[in-house]
Amino acid sequence: MWANIDILLQVPKLAAGLFLEGLLIGAVFALIAYGLALVWGVMNVKNLAQGPFVIAGGYVCWYLGGLGVHPVIGMFVSAVVMWGLSWVIYQAVVRQVLEMDMFVSLLATFGCAYVIEQGLSLMFTQDTQTIDLGWGSLDVFGDGLVLLAWQKIMAFFICCVLAVVLVWFMKKSRMGQAIRATAQNARAARVMGIDTDKVYRFTFCLNGAICGAAGALVAMIWVIQPFYGITYSIRAFVLVVAAGIGNLPGVIAAGLGMGSLEQFGGFILGAQYQQALVVGLLLVVLFFRLLQQSRKRQAVA
Amino acid sequence: MKHFGKVMAAATLGTAMMAAPALAADEIVLGSAISLTGKYSTNGLHAKNGYDFAVQKINDAGGIEIDGKKYKLRVVYYDDESTPARGAQLAERLIQQDGVQYMLGPYSSGLTKAIAPVTEKYQIPMVEAEGASRSLFNKGYKYMFAVLSTSEQYLASAIDLAAEMAKKEGKEPSDVRVAMAFENDPFSLDVRAGVIADMEKYGMQNVIDDKLPRDLSDMSATLTKVKALKPDLLLVSGHSKGAATAARQIGEMGISVPMIAMTHCEAADVTGKFPDAANGLLCPTQWAETLSYSDPFFGTAAEYEAEFKQAYPEYAEKTVPYQTAQATAAVWVFKDAFERAGTLDKEALRDAIAATEISTFYGGIKFAPEGNNIAKPMVLRQVQDGKYNVVAPSDFASHQIEFPRP
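Residue numbers (the numbering used here), protein chains in the order written: chain A, 1 to 301; chain B, 1 to 406.
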């Protein structure tokens with residue numbers, strides 16, 4: 001461990017490389033977590049099918065790539081297709097369980113996850129797939145020490161653009177305002193004439209589209225396989241819980257921070273502690289927040 | 001309660017009557033739970049095709065001759081949905097309800113681990129072709145036999161090769177510095193155990209020993225360390241996700257190590273997806289169609305492949321996977337053992353299987369007392385100009401290793 005820290009101190013360029021890699025990775029996770037936070041915050045549905053949504057989006061883009069569609073265009077198609085699939089899932093499943101116990105919606109989305117995974121497996125087999133644009137890597141310092149794949153850099157910028165658009169949309173557009181109003185108090189929103197059913201459907205579909213785009217990026221920078229979705233579900237949950245539900249900018253910040261932290265953890269302690277470190281940090285955050293809140297409650301009393 | 005007893009009796013009788021036609025005369029029925037849906041379904045189907053091909057070919061050639069009488073082979077399959085619990089249930093069903101006396105293995109070590117206790121309990125001989133985990137062979141199982149090489153052998157040959165290369169360059173094998181990135185799962189940890197044992201034999205140094213969590217999508221932290229420490233040999237094992245991720249990021253990050261070996265190259269299709277990064281990679285495999293193994297029935301490995309492709313045109317565009325070849329070999333072990341035993345008695349059959357010593361298109365087959373095959377080495381192939389060429393073991397190799405990796 002100390003030897004690894006020593007390497008980083010001697011070659012700070014490597015440390016910079018780890019930090020940059022972490023940012024690029026974190027951006028994609030942040031985007032996925034953003035969608036999860038949206039659905040969770042607005043509808044109080046914890047979408048366990050988040051990861052499979054992402055993978056399904058990746059497959060759409062990969063499949064189109066095979067037909068000759070450029071992956072960047074495929075990404076938009078993938079978002080549209082996943083919007084449509086989410087619409088179907090919302091009407092058929094989620095809508096029926098919205099008013100029920102939280103546990104029912106967990107089970108329902110878990111079931112959806114299974115169906116999507118198995119469906120993808122039947123359609124595309126379980127071979128791992130990936131989209132390689134052949135763009136090569138950016139030599140950050142010009143000495144071959146830190147190479148960043150151009151595809152990752154592109155994915156990072158696409159994530160940033162999408163995040164800005166989403167935040168703007170939630171703040172300024174009528175629909176965005178309606179979503180926020182519904183999240184704050186669904187009953188009051190209904191009284192004010194907001195069609196909450198429409199808002200819920202839109203929110204769920206928006207999350208689907210976000211997953212579709214994110215999935216295309218995942219296929220472009222890593223690999224996809226029908227059963228790899230769970231990784232993205234778990235990470236997204238960790239991020240949302242760490243940032244706090246309803247704290248959308250927090251999710252993005254947490255995603256970027258967690259990506260870098262993971263890289264340093266993996267380098268210094270070994271890959272086996274890479275995720276343990278993140279989950280450990282989550283516990284610290286939760287514990288800290290608990291203390292904070294108990295203090296608040298005492299103040300009120 | 002009285003009624004319940006009657007119902008049960010009737011049900012048992014009914015089942016017995018239903019099972020009866022399955023055991024028609026002049027037929028030997030093998031049973032297998034195999035993954036036709038779920039996460040192992042692709043490989044499960046490869047295995048099933050291998051079984052079916054062997055059964056068809058043996059039946060076409062007249063079947064199995066026992067004591068002057070000809071028997072046809074038939075296999076009863078159930079889909080285990082890639083879940084161990086289901087596999088164990090189905091094994092019970094095959095034995096209890098369908099009256100199966102001889103079993104072919106499922107796909108994967110996990111499923112084999114779930115089914116073996118059941119076949120042991122009923123003393124049913126099982127020849128399995130798809131479970132390589134070491135842990136299958138230290139339980140004292142008496143009725144389970146495996147035709148494939150066990151998982152700790154997967155990358156051990158790369159260590160021997162690295163030692164050989166070090167000597168050629170005038171260095172000591174103990175100077176070789178090894179970096180390992182293995183997934184934290186039973187299979188890869190078996191592979192790691194085999195590697196560690198061989199490294200100790202040569203006194204090699206272990207400079208990186210990262211265990212990748214199962215749901216890790218990125219290896220750049222580990223590979224950055226590889227870049228900093230410049231090892232002589234990099235070993236990766238993490239199923240097809242690990243292989244695809246490693247091949248991709250080795251290319252993207254410009255990692256240059258003289259020798260890189262990883263499992264599951266074919267499953268991840270590294271040559272098709274990352275043709276540049278894949279060049280020079282060493283990939284272990286159970287079997288390859290270019291090996292110079294042969295037997296009188298299936299012919300050479302290459303002839304087996306050609307004939308299989310004819311029977312299953314969907315494989316025409318790709319190479320026949322080793323999962324298929326070893327499944328065929330498992331059926332062949334049954335035929336050989338039945339004919340030597342000269343009886344349908346399962347105890348005599350078990351002893352005949354235990355005494356197997358044959359060469360096949362798939363390699364030698366001879367079982368250790370623990371049930372694993374000790375006659376067949378693991379094969380190491382190197383990606384050379386986009387093709388997998390066998391470079392070790394040298395007796396059966398078709399090509400020379402390119403060292404250092406281009």
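C-beta atoms are modelled at their ideal positions from N, C-alpha and C, and glycine is treated no differently.
What is the DSSP secondary structure of residue i, counted as helix, strand or coil?
| i | result |
| --- | --- |
| residue 221 of chain A | helix |
| residue 67 of chain B | coil |
| residue 126 of chain B | strand |
| residue 41 of chain A | helix |
| residue 285 of chain B | strand |
| residue 177 of chain B | strand |
| residue 143 of chain B | coil |
| residue 257 of chain B | coil |
| residue 138 of chain A | strand |
| residue 210 of chain B | strand |
| residue 102 of chain B | strand |
| residue 20 of chain A | helix |
| residue 400 of chain B | coil |
So that I know if they touch, is there some Cβ in chain B lying closer than 8 Å to that of residue i?
| i | result |
| --- | --- |
| residue 17 of chain A | yes |
| residue 50 of chain A | no |
| residue 223 of chain A | yes |
| residue 177 of chain A | no |
| residue 266 of chain A | yes |
| residue 196 of chain A | no |
| residue 127 of chain A | yes |
| residue 21 of chain A | yes |
| residue 228 of chain A | yes |
| residue 4 of chain A | yes |
| residue 86 of chain A | no |
| residue 14 of chain A | yes |
| residue 74 of chain A | no |
| residue 118 of chain A | yes |
| residue 292 of chain A | no |
| residue 32 of chain A | no |
Taking 8 Å as the threshold (beta carbon to beta carbon), is residue i in contact with chain A?
| i | result |
| --- | --- |
| residue 130 of chain B | no |
| residue 37 of chain B | yes |
| residue 408 of chain B | Here chain B covers residues 1 to 406 and nothing more, so residue 408 of chain B does not appear. |
| residue 145 of chain B | no |
| residue 272 of chain B | no |
| residue 248 of chain B | yes |
| residue 220 of chain B | yes |
| residue 252 of chain B | yes |
| residue 324 of chain B | no |
For residue i, collect the residues of the same chain with a Cβ closer than 7 Å to its Cβ; drop the 5 residues on either side in sequence, then sort them by chain order.
| i | result |
| --- | --- |
| residue 356 of chain B | 333, 336, 337, 365, 366, 367 |
Does any heavy atom of the ligand NAP sit closer than 7 Å to the C-beta of residue i?
| i | result |
| --- | --- |
| residue 397 of chain B | Absence of the ligand NAP from the depicted structure is noted, as is the absence of any ligand whatsoever, leaving it without description. |
On the criterion of 16 or more Cβ atoms from any shown chain inside 10 Å, does residue i qualify as buried, or is it exposed?
| i | result |
| --- | --- |
| residue 283 of chain A | exposed |
| residue 212 of chain A | buried |
| residue 59 of chain A | buried |
| residue 8 of chain A | buried |
| residue 67 of chain A | exposed |
| residue 287 of chain A | exposed |
| residue 327 of chain B | buried |
| residue 103 of chain A | exposed |
| residue 143 of chain B | buried |
| residue 295 of chain A | exposed |
Can you list, in chain order, the residues of its chain with a C-beta nearer than 6 Å to that of residue i? Leave out the 5 residues immediately preceding and following it.
| i | result |
| --- | --- |
| residue 200 of chain A | 43 |
| residue 404 of chain B | 258 |
| residue 308 of chain B | 53, 320 |
| residue 24 of chain A | 152, 156 |
| residue 17 of chain A | 146 |
| residue 301 of chain B | 289, 291, 293, 361 |
| residue 19 of chain A | 260 |
| residue 289 of chain A | none |
Per DSSP, residue i is paired with what?
| i | result |
| --- | --- |
| residue 383 of chain B | B/388 |
| residue 299 of chain B | B/295 |
| residue 28 of chain B | B/73 |
| residue 149 of chain A | A/137 |
| residue 366 of chain B | B/357 |
| residue 336 of chain B | Beta-bridge pairing links residue 336 of chain B to no other residue. |
| residue 205 of chain B | B/177 |
| residue 262 of chain B | B/236 |
Take residue i and list the residues in its own chain whose beta-carbon comes closer than 8 Å to its own, dropping the five residues that flank it on each side.
| i | result |
| --- | --- |
| residue 198 of chain B | 156, 159, 160 |
| residue 400 of chain B | 391 |
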